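Numbering (this note's numbering), first residue to last: 314 to 430. The structure appears below as structure tokens.
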Amino acid sequence: MRNFALTFEDLLAWKRAYELTLKIYKLTSDFPSNEEFGLKSQMRRSAVSIISNIAEGFKRRGKKDQIRFYNMAESSLEELKCQSRLSRDLNYFSESEYGEIKDMQNESGKLLNGWIK
């Protein structure tokens, strides 16, 4: 008999947020050097916070505790949305890059919201 244990990596919400995080790392690598410890760093921290909080929430035993971490992931996603828009308006992202990121963010948000419910 096969013993299959679900992990956070099996969650579609985590998988999509992970893809978003990789995309953010890739796109921010081209940011100006003066953003190394500013917007670039903050965006990367926000993206990593999303996947980290989903992972931590997944392992929490109590439903209330799990939801608290999933809510933190949602908050980090909102933070990343704000930072992405700023990056577009500063011309660090092209319109097409911003559109792709925005679509990924929206999908991640819907999946996370669905997982919470």
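Virtual Cβ for every residue (Gly too), placed ideally from N, Cα, C. None of these values were measured; they are calculated from a predicted model.
Going by DSSP, tyrosine 338 is part of the alpha helix (DSSP H) stretching over 325-341.
Secondary structure note for arginine 398: its alpha helix (DSSP H) is the uninterrupted segment 376-402. Excluding its 5 nearest sequence neighbours in each direction, alanine 326 has C-beta neighbours in its own chain below 8 angstroms: Ile367, Ser421, Leu424, Leu425, Gly427 and Trp428, listed in chain order. Contact between phenylalanine 406 and leucine 340 holds: their C-beta atoms lie close to 6 angstroms from each other, under 8 angstroms. Rounded to whole angstroms, the gap between the alpha carbons of glutamate 322 and phenylalanine 371 is 10 angstroms. With fewer than three CB-CB distances shorter than 8 angstroms, the region 400-416 does not count as touching the region 375-389. Spatial neighbours of glutamine 379 in its own chain (CB-CB distance under 8 angstroms, excluding positions within 5 residues in sequence) are listed in chain order as Gly370, Phe371 and Arg373.
In the assembly as shown, threonine 320 is an exposed residue. Its beta-carbon has fewer than 16 other beta-carbons within 10 Å.
In the same chain as serine 362, and ignoring 5 residues on each side of it, the C-beta atoms closer than 6 angstroms to its own belong to Ser389, in chain order. Bounds of the alpha helix (DSSP H) holding glutamate 408 are 408-429. Between aspartate 343 and the set Glu410, Gln418 and Lys430, the nearest pair of CA atoms involves Glu410.
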